[in-house]
Amino acid sequence: MIALLRKNIPTRAFSLVEMLVVISIIAILAGFSLPAMNQIQSATALSSASESLVDQLKLARQQAVTRNRPVEVRLYQLPDPSDASKKAWRGLQLFIVEEDGLVAAERPVYFPAQVRMADSATYSSLLDQSRVDVTQGSGADSGVTLPGVGGNYNYRAFRFRPDGSTSLASSAFATLYPGNAPTSGSAPAQNWFAVQIDSLTGAVQTFRP
Numbered sequence: 001m002i003a004l005l006r007k008n009i010p011t012r013a014f015s016l017v018e019m020l021v022v023i024s025i026i027a028i029l030a031g032f033s034l035p036a037m038n039q040i041q042s043a044t045a046l047s048s049a050s051e052s053l054v055d056q057l058k059l060a061r062q063q064a065v066t067r068n069r070p071v072e073v074r075l076y077q078l079p080d081p082s083d084a085s086k087k088a089w090r091g092l093q094l095f096i097v098e099e100d101g102l103v104a105a106e107r108p109v110y111f112p113a114q115v116r117m118a119d120s121a122t123y124s125s126l127l128d129q130s131r132v133d134v135t136q137g138s139g140a141d142s143g144v145t146l147p148g149v150g151g152n153y154n155y156r157a158f159r160f161r162p163d164g165s166t167s168l169a170s171s172a173f174a175t176l177y178p179g180n181a182p183t184s185g186s187a188p189a190q191n192w193f194a195v196q197i198d199s200l201t202g203a204v205q206t207f208r209p
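Quick note, in full-length UniProt numbering, the sequence shown goes up one by one and the last residue is 209.
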């Protein structure tokens, strides 16, 4: 019986140079993918905030008609998560207007940390300080404290009436955008979401690029 002899071939290991090349390639690919991941996260956060804003506005109108009571919508300027010394418009809350005062209809809704409402009247006429049909106030004045915020906030408010109309003298709009997004010439950012409220019917329209 003839035995076949096999020659043992040593297994070749990766050299240090090859390992460094592989690591460098992985790092380069990760660098390319990071901006894309950030864009996806910003887009997801913007979509979430947009849905919350539209849902709350439609709910306010529905509640006003159903309850036959005015419903006040308060837009909140809250401490900026990225810089506590600054404030950003990034939340809202609904209140039923009862004969003896306001009663919260819903808990306050806060937008994701990186999303805010443009504070320029060009992009958000609801926040225009010159509007006399929009109430302005602060947490300290209203006596209403917010979870995680207390009274450290400002607000602008308008109302939906029982017939579905609003207290606005003319139609108004507001624009949301990711705070870390690059700006655009005709918008606060390249990616944005705008809502327009018809002052007479209370209907809400949405726009985005």
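The beta carbon of each residue, even a glycine, is placed where N, CA and C say it ideally should be.
*DSSP three-state call for Leu57: helix, strand or coil?*
helix
*Do the segment 69 to 82 and the segment 100 to 116 make contact, defined as three or more Cβ pairs closer than 8 Å?*
yes
*Using DSSP with H/G/I as helix, E/B as strand and the rest coil, what is Met1?*
Per-residue confidence for Met1 stands at a pLDDT of 48, beneath the threshold of 50, marking its modelled position as unreliable; the derived number appears in the next sentence. In the structure shown, the three-state DSSP call for Met1 is coil.
*Pull up the distance between the alpha-carbon of Val54 and that of Ser24, whole angstroms please.*
Approximately 46 Å between the Cα atoms of the pair.
_Ala194 and Leu176 closer than 9 Å at C-beta_ = yes
*In three-state terms, what does DSSP make of Gly139?*
helix
*Using alpha carbons as the reference points, say which of Ile197, Leu146, Val17 and Asp133 lies closest to Ala172.*
Ile197
*Coarse secondary structure for Ser47, derived from DSSP in three states*: The three-state secondary structure of Ser47, taken from DSSP, is helix.
*Since Tyr76 sits in a beta bridge, which residues does DSSP pair it with?*
Gly91 and Tyr155
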